[in-house]
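A short write-up of the structure that comes next.
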Amino acid sequence: MPTNADPWSVAVVGAGPWGTYAVERLTALVRAGSFPRPFQLLVLEASGNFGCGRVHHDQQTESSQLNRVASQIAFAADETVSNILLPSRLRPTMAEWASEKFTQTGNDRYQLESTDIPSRALHGEALRDAFNTYVTALRDVPRVDVRLIAARADRLTPRVDGRVDLGAGPLLWTVNHVLLTTGHGAVDLAPYPLREYLDGTVLPSRPQRPPLASATTPPGQNRHASSPSAAAGTSPPPAPAMTRHWTLPAVDTRHSNSQDATSPRTTSTPCWHGAPFSISNGLWSH
240 MPTNADPWSV AVVGAGPWGT YAVERLTALV RAGSFPRPFQ LLVLEASGNF
290 GCGRVHHDQQ TESSQLNRVA SQIAFAADET VSNILLPSRL RPTMAEWASE
340 KFTQTGNDRY QLESTDIPSR ALHGEALRDA FNTYVTALRD VPRVDVRLIA
390 ARADRLTPRV DGRVDLGAGP LLWTVNHVLL TTGHGAVDLA PYPLREYLDG
440 TVLPSRPQRP PLASATTPPG QNRHASSPSA AAGTSPPPAP AMTRHWTLPA
490 VDTRHSNSQD ATSPRTTSTP CWHGAPFSIS NGLWSH
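Take any residue in the sequence shown, note its place counting from 1, add 239, and you have its number in this note's numbering.
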């Protein structure tokens, strides 16, 4: 059984946008309270891109854009949603971050108006910087241990004492809580997937006539003139009709919300695993 000398541990699985928001909230809560025991945070990200994750990584093409303007993007809670906040200097909005980067570098890619639509790469860079800011602020708190692990979590096993065993290949940790912020997975790029549903050969729908050998049609002569039907003054029999034939299975058209995860309110609620806990008067309660 854990004792008060053991760290109170939380694991965040997935360090994309939702993982960044989770680390921001944990950082604000830990900095605002005093704890009778050490605190440990494990962050697992399979891609190794901490802060931006796989979908929003900052090395992708600049032509891939978000679906919202810069003024709608932030990386931390503000006064409208919480009264436990990080200092304002640690939680700039997307537009404020870009303005500061432009001042520092003079690079035109950071010239971002509030009505501009940022690229995913630029958003990923901002997410990465925000994540690193929160981790640095959390590590500055005494008796806090933050570990960033570039590994894919592959198993969760509840324990009888209320804690959870979290595994990633040969690695294993026992933690008090696990927060799953894995977002959506990779998309199989198939812009026209009809061929996946066909159960046979696709044949042309227009009747086709087999081509005549050039030797049977003298130059300047109707190609049907030498046929018996043409000599008798009748039309040649039509070619057999050739039709398309396939079977389409029932397709489930229900899809989950595919909005960009550019603010803490744009995707589904992350899932906590472990015994319930809350923060009261600056103390963890379990």
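Ideal placement from N, C-alpha and C gives every residue a C-beta, glycine not left out.
Quick caveat: nothing in here was measured; it's all calculated off a predicted structure.
Query raised in the report: What's the call for residue 408, buried or exposed, on a 16-neighbour Cβ count within 10 Å?
Result: exposed
Query raised in the report: Assuming residue 376 contacts residue 266 under a Cβ cut-off of 8 Å, what Cβ separation, rounded to an integer in Å, is found between them?
Result: 5 Å
Query raised in the report: How about residue 355 and residue 313: do their beta carbons lie closer than 8 Å?
Result: no
Query - Spatially closest choice to residue 289 from 396, 272 and 252, by CA coordinates - result: 252
Requested in this report: Sort 413, 403, 245 and 361 by Cα distance to residue 294 and report the nearest one.
Outcome: 361
**Report entry** Selected residue, minimal CA-CA separation from residue 386, among 400, 414 and 363
**Finding:** 414
Report task. With DSSP collapsed to three states, give me the class of residue 374. Result -> helix
**Report entry** Limits of the alpha helix (DSSP H) - the one that residue 407 falls within
**Finding:** Here residue 407 belongs to no alpha helix (DSSP H); instead the beta strand (DSSP E) covers 403-407.
Query - Residues bridged to residue 397 (per DSSP) - result: 403
**Report entry** One or two residues paired with residue 412 in a DSSP bridge
**Finding:** 405
Query raised in the report: Taking the Cβ atom as the reference point for each residue, do residue 357 and residue 305 lie within a distance shorter than 8 Å?
Result: yes
Query raised in the report: Quick one: is the Cβ of residue 322 within less than 7 Å of any heavy atom of the ligand SAH?
Result: With respect to the ligand SAH, the structure offers nothing, as it holds no ligand at all.
Query raised in the report: Cβ atoms of residue 291 and residue 395: under 8 Å apart, would you say?
Result: no
Query raised in the report: Between residue 269 and the rest of its own chain, which residues show a CB-CB distance below 8 Å, the 5 nearest in sequence each way excluded?
Result: 278, 377, 380 and 383
Query raised in the report: For residue 384, which three-state DSSP category applies?
Result: strand
Query raised in the report: In whole angstroms, what is the alpha-carbon distance linking residue 352 and residue 328?
Result: 20 Å
Query raised in the report: Taking the alpha helix (DSSP H) that residue 278 falls in, what are its first and last residues?
Result: Looking at the DSSP string, residue 278 is not in any alpha helix (DSSP H); the run it does join, the beta strand (DSSP E), is 278-283.
Requested in this report: Might you give, ordered along the chain, the residues of its own chain that have their beta carbon closer than 8 Å to the beta carbon of residue 388, omitting 5 neighbours on each side?
Outcome: 281, 282, 283, 284, 407 and 410
Query raised in the report: When the Cα of residue 316 is compared with those of 393, 398, 404 and 257, which residue comes out closest?
Result: 257
Query raised in the report: Is residue 418 closer than 8 Å to residue 412 when the C-beta atoms are compared?
Result: no
Report task. Throw me the rounded Cβ distance for the residue 420 and residue 261 pair, which I believe falls under 8 Å. Result -> 6 Å
Query - Backbone secondary structure at residue 244 - three-state DSSP - result: coil
Query raised in the report: Can you give the Cα-Cα distance for residue 364 and residue 400, rounded to whole angstroms?
Result: 40 Å
**Report entry** Closest by C-alpha distance to residue 331, when choosing among 275, 397, 423 and 370
**Finding:** 370
Query - Close beta carbons around residue 350, own chain, < 7 Å, minus the five adjacent residues each side - result: 341
Query - Secondary structure of residue 311, DSSP reduced to three states - result: helix
**Report entry** Whole-Å CB distance - residue 271 paired with residue 323, under 8 Å assumed
**Finding:** 5 Å
**Report entry** Whole-angstrom distance between residue 303 and residue 325, CA atom to CA atom
**Finding:** 31 Å
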